[in-house]
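The numbering of the sequence shown is numbering that gives the first Met the number 0, which starts it at 0 and goes up by one.
Structure first, then comments.
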Amino acid sequence: MDSLQQAAGRLMNRVRVNHVQATERDGAAVFVKRRRAGALAVIWFANRFMALAHNGTSMYLRADEWAAWEVYCAQLLYPERPGARVESSSAVVLPRVDGISVRTMVRRSHPDVRTALVLAARELRRVHETTCAHYRAGWSHGDLHLDNILCDVAEGRATLIDFDIRHAFDVSATLRQCDDVMAVLLEPIGWPDDRWLSLATAFVEEYRRPAVLEALGRQLLVPRGVARLLWYVGTNGASMKQIEPRLQKLQQIVSAVQRGQS
């Protein structure tokens, strides 16, 4: 099982279906994000894998549908940053965002990483309270690993990026948003040192949405089968012996925050 988990981890970490280029359009700094040639086969296999894991997410097979969704999310969440638009059937233009990914901050042992997690939780709470016309309920990300959260600590701001994967439209808002929170917390749980505890606590305390935390408390169990492989990827290959006691500790953190709200 360990060798299968490692192989799945290497495969998922190499999935790159889009190419991103920093450039300028009309004098403004932007990113041009373009669907790679040959991405269709990769997406098909990734969707099959996610379907087998029953995790309720998928990627758009058609590039034009992905482009429309990417721009829709950017405009919905950040209307104060104009310029997000579809450039072609397989490319989008997005305003360039200042900041460093939370994952990069962690790897560099950045002194402000705790502040970054608090900003990330605050931003996630805000976007989860934003109504999405497609879901007819609160919005959710679907692939919220720490590289998809940029933080500008000096400005006190976090920004969510990369809307390649989405939750299914028939999944409830609470479960979708619980999945987002879980995706953020899985990475700290997998860290080899004890930093995870204070950072996970800070994140949960700042997020603090009751219904989502209640759902999260029920989800803090290592799954079986293919879904377990996705957890292995999400924790960057941490052993289950490390993860299971930390999940129990995380349940205690969630329960403590819930008690503080009652």
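Every residue gets a Cβ at the ideal spot worked out from N, C-alpha and C, and that includes glycine.
- Shortest Cα-Cα distance from residue 145 to any of 259, 184, 38, 176 involves 184.
- Note: residue 220 is not bridge-paired with any residue in the DSSP secondary-structure output.
- Excluding residues up to 5 positions away in sequence, 133, 134 lie with their Cβ nearer than 7 angstroms to the Cβ of residue 168 in the same chain.
- Listed as beta-bridge partners of residue 20 by DSSP are 31.
- Distance check between residue 187 and each of 21, 124, 195 places 195 closest, using alpha-carbon atoms only.
- In this structure, residue 214 places its C-beta atom within 8 angstroms of the C-beta atom of residue 174.
- Looking at the backbone, the Cα of residue 241 and that of residue 226 are separated by about 18 angstroms.
- Cβ-Cβ separation between residue 65 and residue 95: approximately 20 angstroms, too far for a contact (criterion under 8 angstroms).
- With a cutoff of 8 angstroms on beta-carbon distance, residue 140 and residue 192 are scored as not near each other.
- A Cβ-Cβ distance of about 6 angstroms is found for the pair residue 93 and residue 32, placing them in contact under the 8 angstroms criterion.
- The C-beta of residue 255 has fewer than 16 other C-beta atoms within 10 Å across all chains shown, which makes the residue exposed.
- Remark: C-beta atoms of residue 121 and residue 73 do not approach each other more closely than 8 angstroms.
- Shortest Cα-Cα distance from residue 127 to any of 113, 87, 212, 43 involves 212.
- The beta-carbon separation of residue 62 and residue 89, rounded to 4 angstroms, stays under the 8 angstroms limit for a contact.
- In summary, residue 219 is buried, with 16 or more beta-carbon neighbours lying within 10 Å of its beta-carbon over all protein chains present.
- Residue 181 holds the alpha-carbon nearest to the alpha-carbon of residue 123 among 82, 181, 69, 85.
- For residue 87, the enclosing beta strand (DSSP E) starts and ends at 84 to 87.
- Excluding the 5 residues flanking it on each side, residue 250 has same chain C-beta neighbours closer than 7 angstroms at 216, 219, in chain order.
- With fewer than 16 neighbouring CB atoms inside 10 Å of its own CB, residue 36 falls in the exposed class.
- A check of alpha carbon separations from residue 81 across 105, 110, 171, 24 identifies 24 as the nearest.
- Per the DSSP secondary-structure output, residue 150 pairs in a beta bridge with 99, 157.
- Boundaries of the beta strand (DSSP E) harbouring residue 91: 90 to 94, taken from the DSSP string.
- Here residue 57 carries a strand assignment [DSSP, helix/strand/coil].
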